[in-house]
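Novice: Throughout the sequence shown, residue numbering follows the working numbering, covering -11 to 100 in sequence.
Pasting a structure here, questions to come.
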Amino acid sequence: MTDLFDDPLGFLSGLVLKLPALLLAVTVHELAHALVADRLGDSTARRLGRITLNPLPHIDPLGALAFVLAGFGWAKPVPVNPQNLRHPVRDMAWVAVAGPVSNFVVAFVALV
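Shown next as structure tokens:
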């Protein structure tokens, strides 16, 4: 936050570089949760239009504002109904791990 007042131009140029990364990371992360839940039997995210590469359904306005002002943020969680999953406990673990794994995959692809 102090960067905004100390060096506004540097803050804005950094933000221009960080926003596309945020949009990509948030979108792929939430999409991974939604796709795994859908594959394992819960179509809640599909019915709500959350299986998309469009970042708008995934962005939480307060989380995006926190990212801009504080350097960290969050997205809207993908709704998952464990009762729709075939093996609720095991499948919820797969749904949960899908997001972070997708972030590692995106980071690796960007590194390569």
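We put the CB at the ideal spot given by N, CA and C, even for glycine.
In this text, all values refer to a predicted model and were calculated from it rather than measured experimentally.
Under the rule that 16 or more other beta-carbon atoms within 10 Å means buried, what is V100, buried or exposed?
Specialist: exposed
Novice: In or out: G37 buried (at least 16 other Cβ within 10 Å) or exposed?
Specialist: Its Cβ having fewer than 16 others within 10 Å, G37 is exposed.
Novice: Contact between the region 15 to 29 and the region 81 to 94 is defined here as three or more beta-carbon pairs at a separation below 8 angstroms; is this criterion met?
Specialist: yes
Novice: Excluding five sequence neighbours on each side, which residues of the same chain lie with their C-beta closer than 6 angstroms to the C-beta of V66?
Specialist: E18, H21, A22, A33 and R38
Novice: Measure how close the beta-carbons of V68 and A13 come, nearest whole angstrom, since I'm counting them as under 8 angstroms.
Specialist: Contact flag wrong, Cβ pair sits at about 20 angstroms.
Novice: Can you give me the C-alpha to C-alpha distance between M80 and T15, rounded to a whole angstrom?
Specialist: 20 angstroms
Novice: Going by DSSP, what residue range makes up the alpha helix (DSSP H) through N91?
Specialist: P76 to L99
Novice: For L28, tell me which candidate among S90, F96, N91 and W82 has the shortest Cα-Cα distance.
Specialist: W82
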